[in-house]
Amino acid sequence: MTEHVTAWLGAYHDGELQGRRLRQVEAHLAQCETCRAELESLRALAGLLQESPAAEGLTPPERFVAQVGLRLPRRPTRPAWQRGLEIGWRLVPLGLVGAWAFLQAVFVVAGLVLLALRLGAGGDLIAGLLPASPQAFWLLDLLSLSDAGLRDVGRVTLELWEGGGPLGWGFALNLVSSAVIGLLYCSWLATWWARRRHRAGGQTHTV
Amino acid sequence: MSSRSAPPTETEIDLITRAQRGDRGAFGELVRCHREGVINVVYRMCGDANLAEDAAQEAFIRAWQHLPSYRPRSPFRNWVYRIATNVALDALRRERETVDIDALPLVASGQGPEAAVEGMERGERVRQAVLALPPASRAVLVLREYEGLSYREIADTLGVPMGTVMSRLNYARNRLRESLAPYMEVV
Chain A
1 MTEHVTAWLG AYHDGELQGR RLRQVEAHLA QCETCRAELE SLRALAGLLQ
51 ESPAAEGLTP PERFVAQVGL RLPRRPTRPA WQRGLEIGWR LVPLGLVGAW
101 AFLQAVFVVA GLVLLALRLG AGGDLIAGLL PASPQAFWLL DLLSLSDAGL
151 RDVGRVTLEL WEGGGPLGWG FALNLVSSAV IGLLYCSWLA TWWARRRHRA
201 GGQTHTV
Chain B
1 MSSRSAPPTE TEIDLITRAQ RGDRGAFGEL VRCHREGVIN VVYRMCGDAN
51 LAEDAAQEAF IRAWQHLPSY RPRSPFRNWV YRIATNVALD ALRRERETVD
101 IDALPLVASG QGPEAAVEGM ERGERVRQAV LALPPASRAV LVLREYEGLS
151 YREIADTLGV PMGTVMSRLN YARNRLRESL APYMEVV
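Chains A and B, in that order, are what the protein sequence lines are. According to the numbering used here, the residues represented by the first sequence are 1 to 207, in order. According to the numbering used here, the residues represented by the second sequence are 1 to 187, in order.
Okay, structure coming up:
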């Protein structure tokens with residue numbers, strides 16, 4: 001005789017076994033008195049459990065529904081963190097476009113400043129950019145005193161900006177940052193599409 | 001068993017969608033549909049009809065509050081049962097000091113005098129034996145024996161692996177067969 005199948009009898013009784021395991025249990029039961037008695041005992045227990053009375057003296061359904069209705073908050077509320085997360089998620093593309101626009105602006109301004117430095121008009125350009133205030137005049141004095149130093153700084157920066165390949169570090173940096181932003185946007189788009197499909201699929205799933 | 005696994009219905013999907021948008025009437029319909037099952041689960045878990053009704057109401061209120069985050073990947077009934085089981089466990093924890101299982105009221109029966117007394121006693125012993133099980137095993141047993149959920153559905157409802165469902169059910173049944181041995185011989 002094969003080994004007892006006591007551990008599987010509950011699942012067999014509940015109709016949860018399939019395939020090889022089911023055949024194995026059935027074959028064993030056909031020849032094992034002990035396991036048949038065990039199965040019978042499980043069936044007896046199931047019958048006995050149904051003798052336990054259901055709850056009685058309950059509130060009528062209509063009244064129960066009304067009582068629940070009275071206790072409901074005004075609208076279903078989502079946890080604040082979940083709402084915040086959802087709003088943040090929806091704002092991601094806007095943030096990415098903003099980040100891209102900001103970087104482009106930085107690159108344009110940086111390019112203009114460096115061009116001015118190359119042409120030796122650093123002090124004048126900065127003077128044009130600064131507002132009229134006592135602090136600005138003080139800064140302009142300082143710049144006019146250290147004009148040579150400023151040119152040196154501009155020269156070094158220009159070398160760095162234009163070095164690093166045929167198109168310069170500036171262009172490479174712009175390209176890389178744009179690519180990263182583009183990649184983030186594509187990932188967001190893919191996730192949005194996947195979530196939308198998942199929800200659409202979920203609506204037709206079993207309820 | 002009070003309710004078998006219900007097939008998906010367009011009506012229920014529609015009710016859920018409307019309730020998720022805040023339609024209280026649609027939610028009321030869902031409450032009406034699942035009231036009996038939820039009360040039964042809670043009652044079998046905690047053994048007191050009044051406590052079960054309060055806990056069932058609490059379960060539906062929690063369901064309403066969390067409805068926007070419900071995704072119909074699993075049946076709505078299982079989702080509500082999960083909430084109901086948690087509410088029942090919370091209620092049990094709160095009531096543990098005040099409710100003595102042996103002192104719970106006997107449930108009235110409409111049978112003849114002798115059979116009624118015998119039936120009542122047996123039914124009552126069964127109820128007490130179920131209530132004496134550890135909560136985790138009791139929840140699995142209630143969902144299987146009284147609600148007829150499959151192992152997969154129980155696993156989804158309670159958020160435990162299928163193997164755990166099987167082992168808890170085996171444990172619960174073995175304990176019950178021991179404690180109810182005198183009654184099983186006469187069934």
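By construction, the Cβ of each residue, glycine as well, lies at the ideal position given by its N, Cα and C atoms.
Between the segment 36-43 of chain A and the segment 128-137 of chain B, do three or more beta carbon pairs fall short of 8 Å? no
Please report whether the beta-carbon of S150/B lies at a distance below 8 Å from any beta-carbon of chain A. As a working note, residue 150/B is residue 150 in the second sequence. Yes - at least one Cβ of chain A is within 8 Å of the one on S150/B.
List in chain order: all unbroken alpha helix (DSSP H) runs of 4+ residues lying wholly within the segment 110-167 of chain B. 113-131, 135-141, 151-158
Answer yes if the segment 24-32 of chain A comes into contact with the segment 154-167 of chain B, meaning at least three C-beta pairs across the two stretches below 8 Å, and no otherwise. no
If you draw a straight line from the alpha carbon of P61/A to that of A19/B, how long is it in whole angstroms? As a first step, residue 61/A must be located in the first sequence, where it is residue number 61. As a first step, residue 19/B must be located in the second sequence, where it is residue number 19. If I take the Cα positions, the gap works out to 19 Å.
What's the C-alpha gap between V160/B and V106/A? Working through the second sequence from its first residue, we reach residue 160/B at position 160. Working through the first sequence from its first residue, we reach residue 106/A at position 106. One C-alpha to the other measures close to 54 Å.
Please tell me whether S52/A and R35/B are closer than 8 Å, where the distance is taken between their beta carbons. As a working mapping, residue 52/A is identified with position 52 in the first sequence. As a working mapping, residue 35/B is identified with position 35 in the second sequence. No; because the gap between Cβ atoms is not below 8 Å, this pair is not in contact.
State the start and end residues of the unbroken alpha helix (DSSP H) segment that holds S41/A. In the first sequence, counting from the first residue as 1, residue 41/A sits at position 41. 33-49 is the span of the alpha helix (DSSP H), which, as asked, contains S41/A.
Any C-beta of chain A under 8 Å from that of N170/B: As a first step, residue 170/B must be located in the second sequence, where it is residue number 170. For N170/B, the answer is yes, since a Cβ of chain A falls inside 8 Å of its Cβ.
Assuming E38/A and L9/A form a contact by the criterion Cβ under 8 Å, report the distance between their Cβ atoms to the nearest whole angstrom. Taking the first sequence and counting its residues from 1, one reaches residue 38/A at position 38. Taking the first sequence and counting its residues from 1, one reaches residue 9/A at position 9. Confirmed, about 6 Å.
Say whether chain B places a C-beta atom closer than 8 Å to the C-beta of A52/A. If you number the first sequence from 1, residue 52/A lands on position 52. Correcting the residue identity first, residue 52/A is Ser in this sequence and not Ala. Interface residue, yes.
Taking only the alpha-carbon atoms, compute the straight-line gap between P72/B and A59/B and give it to the nearest angstrom. By one-based count along the second sequence, residue 72/B stands at place 72. By one-based count along the second sequence, residue 59/B stands at place 59. Taking the straight line from one Cα to the other gives about 18 Å.
Just verifying my parser: in three-state terms, what is the DSSP assignment at R173/B? Sequence index remark: in the second sequence, residue 173/B carries index 173 (1-based). Helix at R173/B.
Under the three-state reduction of DSSP, which class applies to Q208/A: helix, strand or coil? Since the displayed chain A opens at 1 and closes at 207, residue 208/A lies outside it and no answer follows.
Whole angstroms are fine: how far does the CA of W100/A sit from the CA of S178/A? The sequence position of residue 178/A within the first sequence is 178, counting from 1. The sequence position of residue 100/A within the first sequence is 100, counting from 1. Their Cα atoms are separated by approximately 7 Å.
Flag P93/A as yes if its beta-carbon sits less than 8 Å from any beta-carbon of chain B, otherwise no. Taking the first residue of the first sequence as 1, we reach residue 93/A at position 93. No - not a single Cβ of chain B is within 8 Å of the one on P93/A.
In the structure shown, what three-state DSSP assignment does S52/A receive? Taking the first sequence and counting its residues from 1, the one referred to as residue 52/A is at position 52. Looking at S52/A - three-state DSSP - the assignment turns out to be coil, as it is neither helix nor strand.
Who are the neighbours of P61/A on chain B, taking C-beta pairs under 7 Å? Locating residue 61/A in the first sequence gives position 61, where the first residue counts as 1. The answer, in chain order, is R32, R35.
Does chain A have any CB closer than 8 Å to the CB of M184/B? Start at 1 with the first residue of the second sequence, and residue 184/B comes out as number 184. Yes, M184/B lies at the interface with chain A (some Cβ there is under 8 Å from its Cβ).
Which chain A residues are close to L180/B, counting only those with a beta carbon under 8 Å from its beta carbon? Position 180 of the second sequence holds residue 180/B. Under the 8 Å cutoff, chain A gives L45, L48.
Flag S137/B as yes if its beta-carbon sits less than 8 Å from any beta-carbon of chain A, otherwise no. To locate residue 137/B, count along the second sequence from 1; it is residue 137. Closer than 8 Å: no.
Determine contact between the segment 67-81 of chain B and the segment 20-28 of chain B, defined as no fewer than three beta-carbon pairs at a distance below 8 Å. yes
In chain B, which residues lie with their C-beta within 8 Å of the C-beta of G10/A? The residue labelled residue 10/A in the question sits at position 10 within the first sequence. Those are M166, L169, N170, R173, listed as they occur along chain B.
Short CB-CB distance (under 8 Å) between S187/A and chain B: Along the first sequence, one-based indexing puts residue 187/A at 187. It does not; no Cβ of chain B falls within 8 Å.
Assigned exposure category for E12/B - 16 Cβ within 10 Å defines buried: Locating residue 12/B in the second sequence gives position 12, counting from the first residue. It counts as buried.
Give the C-beta separation of V65/A and C35/A to the nearest angstrom, bearing in mind that I take them to be a contact with Cβ-Cβ under 8 Å. Mapped onto the first sequence, residue 65/A falls at position 65. Mapped onto the first sequence, residue 35/A falls at position 35. Actually they are not in contact, since the Cβ atoms of V65/A and C35/A sit about 48 Å apart, beyond 8 Å.
Is G37/B buried or exposed, if buried means 16 or more other CB atoms sit within 10 Å of its CB? In the second sequence, residue 37/B corresponds to position 37, counting from 1. So G37/B ends up on the buried side.
Contact list for I154/B against chain A, beta-carbon separation under 7 Å: The residue labelled residue 154/B in the question sits at position 154 within the second sequence. In chain order: nothing, as chain A lies at least about 10 Å away.
CB contact check: G28/B to chain A, cutoff 8 Å: Here residue 28/B refers to the residue found at position 28 when the second sequence is read from its first residue. So, interface residue.
Closest to F171/A by CA distance: which of E3/A, G111/A, I181/A is it? Reading the first sequence from its first residue, position 171 is the one you call residue 171/A. Of E3/A, G111/A, I181/A, the residue nearest in Cα terms is G111/A.
Inter-residue Cα distance where the pair is A217/A and G182/A: In this structure chain A extends from 1 to 207, so residue 217/A is not present and cannot be described.
List the residues of chain B that Q67/A touches, going by C-beta distances under 8 Å, in chain order. Translated into positions along the first sequence, residue 67/A becomes position 67. Correct list: Q57.
Can you have a look at R33/B and say buried or exposed, based on whether 16 or more other CB atoms are within 10 angstroms of its CB? The sequence position of residue 33/B within the second sequence is 33, counting from 1. Note on residue identity: the sequence assigns Cys, not Arg, to residue 33/B. Buried.
What residues in the segment 41-54 of chain B have a beta carbon less than 7 Å from any beta carbon of chain A? Y43, A49, A52, E53
On the criterion of 16 or more Cβ atoms from any shown chain inside 10 Å, does W79/B qualify as buried, or is it exposed? Counting from 1 along the second sequence, the entry for residue 79/B is found at position 79. The residue is buried, with at least 16 neighbouring Cβ atoms inside 10 Å.
Below 7 Å on C-beta distance, what does I39/B contact in chain A? Here residue 39/B is taken as the residue at index 39 of the second sequence, counted from 1. Near I39/B (Cβ distances below 7 Å), the residues of chain A are A55, L58.
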